[in-house]
Amino acid sequence: GLAEKLQNTLKKLRGKGKVTEADVAEAMREVRMALLAADVNLKVVKDFVARVKERAIGQDVLESLTPGQQVVKVVHDELIQLMGGTTSKLNMSSKPPTVVMLVGLQGAGKTTTVAKLGLYLRKQGRRPLLVACDVYRPAAVKQLQVLGNQLDLPVFSMGTGVSPVDIARGATEYAVAQGRDVILLDTAGRLHINEELMDELKSIKSTVKPHEIMLVVDAMTGQDAVNVADSFHKQLGLDGVVLTKLDGDARGGAALSVKAVTGCPIKFAGMGEKPDALEPFHPDRLASRILG
Amino acid sequence: VTGRTKIDDELYDELEEALISADVGAETSIELVERLRRKVKEQKISDPSLLQGLLQEEIAAILGGEAIPVNLGNQPTVILIVGVNGVGKTTTIAKLAHRWKQEGRKVLLAAGDTFRAAAIDQLEIWGQRVGVEVIRHQEGADPSAVAFDAVQAAKSRESDVLIIDTAGRLHNKSHLMNELSKINRVLDRAMPGAPHETLLVLDATTGQNALSQARIFGEAVGLTGLVLTKLDGTAKGGVILAIHSELQTPVKFIGIGEKMDDLRDFDPGEFAKALFG
Ligand SMILES: Nc1nc2c(ncn2[C@@H]2O[C@H](COP(=O)(O)OP(=O)(O)OP(=O)(O)O)[C@@H](O)[C@H]2O)c(=O)[nH]1
Ligand SMILES: Nc1nc2c(ncn2[C@@H]2O[C@H](COP(=O)(O)OP(=O)(O)OP(=O)(O)O)[C@@H](O)[C@H]2O)c(=O)[nH]1
Ligand SMILES: [Mg+2]
Ligand SMILES: [Mg+2]
């Protein structure tokens, strides 16, 4: 991984007495290549490497007996700093029901994550309601109903002939009547550049005023993660991110890009297809994964 | 990359960064720009406005002059659709079925995803919309049994094409890759030579992990082509360059939307241009 590469690059400098700017430049190239290979966005990589370089030409690295180790430590520390702390708390409303809306590109894992969150919240003593707001994708409503059935969680649906805005509104009324204290809105996958569908999300937002809007992002997303996250954040305002399919072997650099460009915490990690495969996101684990 | 007056390092860096931003990958991007530098030197090119076009030509050439079509010469032609979760396999099958039905062919579908919630329902709805039959078993059935059954059905109905849907699966899950290999063997047993095409569906928003997907799915079942979906978004799918140079797997179709006619033949020239779009 990167740690090894950096150790090797800078190991040959031991006993040379002093690490030069050129040596550091070569080490920074290694960092850049490693982060790009891990799918971190190019602009995020440049900013990151600039910060690391600043610290790498500092006294504690240049005068160290093991400069390679020092640089690795700097990279690791900067990654942890950038990713932020562990925060898997959803913004809960003081007056129930709390409304949580999940949004994101097609196929990212929203419907599956809504079911997982329902199970997670019930284990915490909550009374969640899953809401089928995807009226477009064939059998999307049925998909959520099947998941709800498997987990013995209630699913609110008004079929596919009603607008998602009306479904969301109907769900909040139903939740109040039935004493459900968290509403989880599953929305249809959409492109950030589809004005009509982004307007639909804005409309749902202004109608039911979610306390938590989470962007669901596939861990294998490449350079485009920044465009998507930035656009969804600017248009809707995000409170958090869920990174899915972390049980794969993608390095997950998209996580860094999303955090860097939106500042939003990644709150949960999808670790599999089963309903219990949801964990609080651990930034330090992702940092190690990106370093490889 | 416009409005430049001379060819300098800055211009080459800009081109390299455009490729990286398109998910071509750092190593491949560096290689491509190195080749361009040599070409510029050899051909004594001095006009900076020509460079992007030269790079596009190089990329289109690497991807092969023309698309290699799907071979529909068997009766039935059996096509296996594979890929990781959520990339667009089921929707792509609907698009392919629609296209070939429009061409007057008899198409049959097989609901080989017996695992995910409402996966069979999803394909059945598409089947109804497109106007083709879907062979299915119950949820939780053995997908190999569905595949075998579908081949028998295709033969008895004298279908021209049989397209088999499979559950999304991550390539690092060996038991799931074994399940896929088994489906592959069962198809060959049901009809020697089948599947005649195995298409890996890749999501254009995927980064460098797509290369691992192509390698491992290729090792498990052998691929005859790729389908690159969601190119109607802002992602460029540049990783297919590395897949092509390492594995020679050709992209046969691209997905540009969620409707049944949002399918196009792969055009290397268009693709190369769009990388810089
Ligand atoms: N391995 C794995 N698969 C996942 C995970 N999360 C979701 N999936 C799978 O990814 C695929 C897509 O999940 P969906 O929940 O349908 O995605 P979606 O975002 O609702 O899709 P659209 O509604 O079409 O936009 C399914 O096959 C899921 O089982 C995860 O954390 N790990
Ligand atoms: N914008 C866009 N969306 C697409 C395209 N192809 C598929 N989709 C959408 O991507 C999502 C996932 O598509 P599916 O066909 O269910 O994907 P899949 O690979 O079968 O998913 P699993 O079976 O769960 O692994 C759906 O919302 C589709 O409408 C495309 O070319 N463009
Ligand atoms: Mg969904
Ligand atoms: Mg499917």
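Residue numbers (the numbering used here), protein chains in the order written: chain Z, 3 to 294; chain X, 11 to 287.
Note that CB positions come from ideal geometry on N, CA and C, so glycine has one too.
Cβ-based neighbour list, residue i, same chain, cut-off 6 Å, excluding 5 preceding and 5 following
i: glycine 267(X); result: Asp242
i: leucine 121(Z); result: Leu153, Pro277
i: alanine 28(X); result: Phe286
Outcome for residue i when other beta-carbon atoms lying within 10 angstroms are tallied against a minimum of 16
i: serine 184(X); result: exposed
i: proline 202(X); result: exposed
i: asparagine 229(Z); result: buried
i: serine 96(Z); result: exposed
i: glycine 272(Z); result: buried
i: aspartate 79(Z); result: exposed
i: serine 56(X); result: exposed
i: aspartate 241(Z); result: buried
Cβ-Cβ distance between residue i and residue j below 7 Å
i: leucine 209(X); j: glycine 235(X); result: yes
i: threonine 209(Z); j: valine 167(Z); result: yes
i: leucine 153(Z); j: proline 277(Z); result: yes
i: alanine 104(X); j: valine 144(X); result: no
i: aspartate 33(X); j: glycine 217(X); result: yes
i: isoleucine 195(Z); j: methionine 103(Z); result: no
i: valine 146(Z); j: alanine 36(X); result: According to the sequence shown, residue 146(Z) is leucine rather than valine. Not closer than 7 Å, so no.
i: leucine 106(X); j: proline 278(X); result: no
i: alanine 160(X); j: alanine 120(X); result: yes
i: valine 97(X); j: aspartate 213(X); result: yes
i: aspartate 49(Z); j: alanine 256(Z); result: no
i: serine 169(X); j: leucine 44(Z); result: no
i: glutamine 132(X); j: threonine 100(X); result: yes
i: proline 285(Z); j: methionine 85(Z); result: yes
i: proline 140(Z); j: isoleucine 91(X); result: no
Cβ-based neighbour list, residue i, same chain, cut-off 8 Å, excluding 5 preceding and 5 following
i: glutamate 32(Z); result: Leu4, Lys7, Leu8, Thr11
i: threonine 174(Z); result: Pro99, Val101, Ile185, Val210
i: tyrosine 138(Z); result: Thr162, Ala190
i: arginine 126(X); result: Ala177, Gly178
i: valine 76(Z); result: Val54, Arg57, Ala58, Val63
i: glycine 109(Z); result: Gly191, Asp220
i: phenylalanine 158(X); result: Val196, Leu197, Arg199, Ala200
Same chain, Cβ closer than 7 Å to residue i, neighbours up to 5 away in sequence not counted
i: tryptophan 110(X); result: Val117, Val171
i: serine 154(X); result: Lys192, Ile193, Val196
i: glycine 106(Z); result: Lys112, Gly191, Leu217, Val218, Val219
i: phenylalanine 276(X); result: Ala77, Val261, Lys262, Phe263, Ile264
Ligand 3 heavy atom lying under 6 Å from the CB of residue i
i: threonine 100(X); result: no
i: alanine 8(X); result: The structure shown has nothing for residue 8(X), since chain X only spans 11 to 287.
i: alanine 40(Z); result: no
i: alanine 177(X); result: no
Proximity test, residue i beta-carbon vs ligand 2 heavy atom, cut-off 6 Å
i: glutamine 108(Z); result: yes
i: glycine 191(Z); result: yes
i: glycine 248(X); result: no
i: glycine 150(X); result: no
i: valine 97(X); result: yes
i: lysine 240(X); result: yes
i: arginine 139(Z); result: yes
Residue i: CB within 6 Å of a non-hydrogen atom of ligand 1
i: asparagine 229(Z); result: no
i: glycine 111(Z); result: yes
i: glycine 265(X); result: no
i: leucine 153(Z); result: no
i: glutamate 37(X); result: no
i: glutamate 275(Z); result: yes
Residue i: CB within 6 Å of a non-hydrogen atom of ligand 4
i: aspartate 131(X); result: no
i: aspartate 213(X); result: no
i: aspartate 271(X); result: no
i: aspartate 123(X); result: yes
Closer than 8 Å at the beta carbon, the chain B residues around residue i
i: leucine 180(X); result: Considering every chain present, this structure includes no chain B. Its protein chains are Z and X.
If the cut-off is 8 Å on Cβ atoms, which residues from the stretch 269-294 of chain Z count as contacting chain X, listed in chain order?
Within the stretch 269-294 of chain Z, contact with chain X at the beta-carbon level (separation under 8 Å) is assigned to Glu275.
Residues of the stretch 206-233 of chain X in Cβ contact with chain Z at a cutoff of 7 Å, in chain order, please.
Of all residues in the stretch 206-233 of chain X, the ones placed with a Cβ closer than 7 Å to any Cβ belonging to chain Z are Asp213, Thr215, Thr216, Gly217, Gln218, Asn219, Ser222, in chain order.
Please name the residues in the stretch 17-51 of chain X whose beta-carbon is closer than 8 Å to at least one beta-carbon of chain Z, in chain order.
Within the stretch 17-51 of chain X, the qualifying residues are Glu27, Ile30, Ser31, Ala32, Asp33, Gly35, Ala36, Glu37.
Looking at chain X, which residues of the stretch 21-50 of chain Z have a Cβ within less than 7 Å of any of its Cβ atoms?
Within the stretch 21-50 of chain Z, the residues whose Cβ lies closer than 7 Å to some Cβ of chain X are Met35, Leu38, Ala39, Asp41, Leu44, listed in chain order.
Against chain X: residues of the stretch 120-145 of chain Z by CB proximity under 7 Å
Residues Pro140, Ala141, Lys144, Gln145.
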